[in-house]
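This note's numbering puts the sequence shown at residues 720 to 850.
This report concerns only the one structure given below.
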Amino acid sequence: MDGPVQLTLATVGRNGTRIADQLIDHTSGLTVKTITSFAPHPDPDAVTNGDCVVAIVAEEVADAPTLYEEFRQSHPTHPLVMVTGTDEPAFIESLLDDEYGEYVYLPADDMPVGLISIRCKRLVEQTSMMC
720 MDGPVQLTLA TVGRNGTRIA DQLIDHTSGL TVKTITSFAP HPDPDAVTNG
770 DCVVAIVAEE VADAPTLYEE FRQSHPTHPL VMVTGTDEPA FIESLLDDEY
820 GEYVYLPADD MPVGLISIRC KRLVEQTSMM C
């Protein structure tokens, strides 16, 4: 893919918004095309505006596994990076098995911007080769 990856940044909760601000300030090859809310349900039009969705889910507000399943029901092949503190083994395994999905653990005191960027770019590249 030529040029920066255009992403849809989907946040849930106050912590998600704060982290989104950090990601926007440090995009490293990503262009934030759309910012939307991921809860209570992803906006079907907004989430497909970019090449990849980066969903930042603050656990105090929403259930990441449920949001992931709802997103996959309506967008089974759209690249999605779930950034969350959820460490539920079944959820992580489902993301690892999803050829269009990635999981990034969100520690309480850090924003893994570089890892999010790499995973998003890799998903978009893999997806474009599948088409």
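Where a beta carbon is used, it is the ideal one built from N, C-alpha and C, also for glycine.
Express the C-alpha separation of residue j and residue i in angstroms, rounding to a whole number.
i    : j    : result
S847 : I835 : 18 Å
I754 : Y787 : 17 Å
V724 : A827 : 26 Å
M830 : R791 : 25 Å
H797 : N768 : 11 Å
A729 : V772 : 7 Å
Y803 : Y824 : First, the residue type needs correcting, since residue 803 is Thr and not Tyr in the sequence shown. Each residue's Cα considered, the two are about 5 Å apart.
Taking the alpha carbon of residue i as the reference point, which residue from the options has its own alpha carbon closest?
i    : options                   : result
T750 : S756, D770 and A765       : D770
C839 : Y787, E789 and E821       : E821
A765 : S793, A781 and D782       : S793
T805 : V776, E789, L842 and D816 : V776
V832 : K752, Y819 and V800       : V800
P795 : Q845, T803, Y824 and E818 : E818
Can you say whether residue i is buried or exposed, counting buried as having 16 or more other CB atoms within 10 angstroms of its CB?
i    : result
T727 : buried
M849 : exposed
L815 : exposed
A781 : buried
A809 : exposed
Assuming residue i contacts residue j (C-beta within less than 8 Å), just tell me the rounded distance between them.
i    : j    : result
P784 : E812 : That pair is no contact at about 11 Å.
If I follow the unbroken alpha helix (DSSP H) through residue i, where does it start and stop?
i    : result
L834 : V832 to M849
A783 : A783 to S793
E821 : First-last for E821: G820 to Y824, but that is the beta strand (DSSP E), not the alpha helix (DSSP H).
Along the chain, where does the beta strand (DSSP E) that runs through residue i open and close?
i    : result
T799 : Position check: residue 799 holds Leu in this sequence, whereas Thr was assumed. Here the beta strand (DSSP E) through L799 covers L799 to T803.
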